[in-house]
Amino acid sequence: MDLAGKKIVLGLTGGIACYKAAELSRAFIKAGASVQVVMTKGALQFITSVTMQGLSGQPIFTDQWDARIGNNMPHIDLTRDADVIVIAPCSADFMAKLAHGVCDDLLSTLCVARPASLPLLIAPAMNVEMWQNPATRRNARQLAEDGIQLLGPAAGEQACGEVGLGRMLEADQLLAEVIAAFQPKTLKSKRLLLTAGPTFEAIDPVRGITNLSSGKMGYALARAAREAGAEVLLISGPTALPAPFGVQRVNVLSARQMHDAVLAHVKGQDIFIAVAAVADWHVANSSDQKLKKDASGSTPELVFAQNPDILAEVAALPLTQRPYCVGFAAESENLLEYAEAKRQKKNIPLLVGNIGHDTFGKDENQLVLFDVEGHTSFPRADKLQLARQLIAEIAKRLT
Ligand code: C5P
52 MDLAGKKIVL GLTGGIACYK AAELSRAFIK AGASVQVVMT KGALQFITSV TMQGLSGQPI
112 FTDQWDARIG NNMPHIDLTR DADVIVIAPC SADFMAKLAH GVCDDLLSTL CVARPASLPL
172 LIAPAMNVEM WQNPATRRNA RQLAEDGIQL LGPAAGEQAC GEVGLGRMLE ADQLLAEVIA
232 AFQPKTLKSK RLLLTAGPTF EAIDPVRGIT NLSSGKMGYA LARAAREAGA EVLLISGPTA
292 LPAPFGVQRV NVLSARQMHD AVLAHVKGQD IFIAVAAVAD WHVANSSDQK LKKDASGSTP
352 ELVFAQNPDI LAEVAALPLT QRPYCVGFAA ESENLLEYAE AKRQKKNIPL LVGNIGHDTF
412 GKDENQLVLF DVEGHTSFPR ADKLQLARQL IAEIAKRLT
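Residue numbering for the sequence shown follows this note's numbering, beginning at 52 and increasing consecutively.
This is the structure:
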């Protein structure tokens, strides 16, 4: 549970997107947090306090003069043991208030009165013209300068029928952003490129050869790197997984496409992690037309040709152009021996070994890290937890 023990003050201001806040409060609770909802008068026009209380399991605060708090100071007491304040949705009006330190209701006063170290995250939600208005642009810049983190907004169709920037992020995206806010920023302003998933080598237009890989470990690493503050580009073979929020993805099919995409984007990258299960060979005599079964029972003769070794090629770039390279190795036996030999052969500083074949498609994994000093084991754990540990190890080696 990524938010276990965290106390979140969830503020709602007026906007259609209040309906998403209901789902968000549930998502926070499912992730282990406790949620104290505070609503403005505007928010109460869009969703009732009954709904929010039912979902958050705690009485809602809407009024600065709420006598339920002993000292009658909810604007102080509600944030003193909080770990984060999240305003979702955050209206244009509320952004303007925050930018100017206005205190004219409980939520705005509570934000101004928060301890300086308490993170404040806002999820803007408004019509595209409101978002693009010079006053809102100015307020957004001011809020960023004041250390308030803006989550979104996204672009798309809006409740009013207009299209553009101003949609509030979805609950699952906001959850990922709030979880990320609690992760150490060990890769701040670093650029990280990674490959993930299998590759697919065509035999004909409807058939092909692929490797077993769900992409889960690579996608977890992409997410963990983004959480750590990196700008992440994911070159992905075919998987069913959605790109982690905030991660840019380039989709490829074959090993040669993956190779070309990596080499096209490797310039300026600080780190390259090759997680993909790249096919070693492609079918040299693949057919443009579907191969037909013939009555005689004869079978096609496939001719294989070797694929480029993407990782070895990146690791062989001149020192000034070479990112810090990390490889993966899935071995069914003799991991210690094979993995270290592979690290040296590919000439990379860090190689991560998967133990056995029981990790494919699973949410858990067990890793061994190999570097020049020897090897370190990471016991079996959730792939995202392992990914965070691995990102921390990579960050340590970069400094
Ligand atoms: O040589 P082997 O396939 O076992 O090496 C695995 C590592 O090399 C992984 O990090 C994988 O992503 C990378 N690799 C690559 N290009 C290939 C084959 C493997 O980048 N053609």
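Note that beta-carbon positions come from the ideal geometry of N, C-alpha and C, so glycine has one too.
- Not one heavy atom of the ligand C5P falls within 7 Å of the beta-carbon of Ile406.
- A Cβ-Cβ contact shorter than 8 Å links Ala174 with Leu220.
- Chain order is used for the residues whose beta-carbon lies nearer than 5 Å to a heavy atom of the ligand C5P, namely Ala325, Ala327, Val329, Asn358, Asp360, Ile361, Leu362, Gly378 and Phe379.
- Shown here for Ser428: same chain residues with a beta carbon closer than 6 Å to its own, the five before and five after excluded, namely Val419 in chain order.
- A check of alpha carbon separations from Ala438 across Thr113, Gln234 and Gln183 identifies Gln234 as the nearest.
- Under DSSP, Asn122 shares a beta bridge with no residue.
- Shortest Cα-Cα distance from His151 to any of Arg192, Gln183, Met181 and Ile136 involves Arg192.
- Just so you know, the alpha carbons of Ala327 and Leu63 end up roughly 42 Å apart.
- Residue environment: Pro166 is assigned as exposed (fewer than 16 neighbouring CB atoms within 10 Å of its CB, all protein chains considered).
- Boundaries for Gln193: no beta strand (DSSP E) harbours it, while the alpha helix (DSSP H) harbouring it runs Pro185 to Glu196, taken from the DSSP string.
- Within the same chain, Ala281 and Asp321 come within 6 Å of Lys241 by CB-CB distance, once the 5 residues on both sides are set aside.
- Under the DSSP assignment, Thr160 falls in the alpha helix (DSSP H) whose first and last residues are Leu157 to Val163.
- Counting other Cβ atoms within 10 Å of its Cβ, Asn405 reaches 16 or more and is therefore classed as buried.
- Burial is judged here by how many other beta carbons sit within 10 angstroms of a residue's own beta carbon; Met52 has fewer than 16 and is exposed.
- Lys236 is the residue among Met146, Ser142, Ala195 and Lys236 whose C-alpha sits nearest the C-alpha of Glu444.
- At the C-beta level, Glu278 and Ala247 stay beyond 8 Å of one another.
- DSSP, read as helix, strand or coil, puts Gly217 in strand.
- Closest in alpha carbon position to Pro374, among His316, Ser349, Ala206 and Leu304, is His316.
- If you draw a straight line from the Cα of Val229 to the Cα of Leu172, it is about 8 Å long.
- In this structure, Asp331 lies near Gln357, with their beta-carbon atoms less than 8 Å apart.
- When secondary structure is reduced to three states using DSSP, Arg307 falls in the helix class.
- Your pair Leu225 and Leu202 checks out as a contact, with CB atoms roughly 6 Å apart and the cut at 8 Å.
- When secondary structure is reduced to three states using DSSP, Ser168 falls in the coil class, being assigned neither helix nor strand.
- Around the beta-carbon of Gln87, 16 or more other beta-carbon atoms lie within 10 Å, marking it buried.
- The C-beta distance from Ala325 to Gly378 rounds to 5 Å, short enough to fall under 8 Å.
- The beta carbon of Gly259 lies closer than 6 Å to those of Phe251, Glu252 and Ala253 in the same chain, with the five residues before and after it left out.
- Following the DSSP letters along the chain, one finds Cys69 inside the alpha helix (DSSP H) bounded by residues Cys69 to Lys81.
- Partner residues in the beta bridge of Met90, as assigned by DSSP, are Leu63.
- As for any alpha helix (DSSP H) of minimum length 4 sitting wholly inside the segment 299 to 366, the runs are 306 to 316 and 361 to 366, ordered along the chain.
- Note on geometry: alpha-carbon atoms of Ser107 and Asp311 lie some 49 Å from one another.
- Here the alpha carbons of Gly65 and Gly93 stand approximately 4 Å from one another.
- Counted as a single uninterrupted DSSP element, the alpha helix (DSSP H) harbouring Gly105 occupies residues Ser100 to Ser107.
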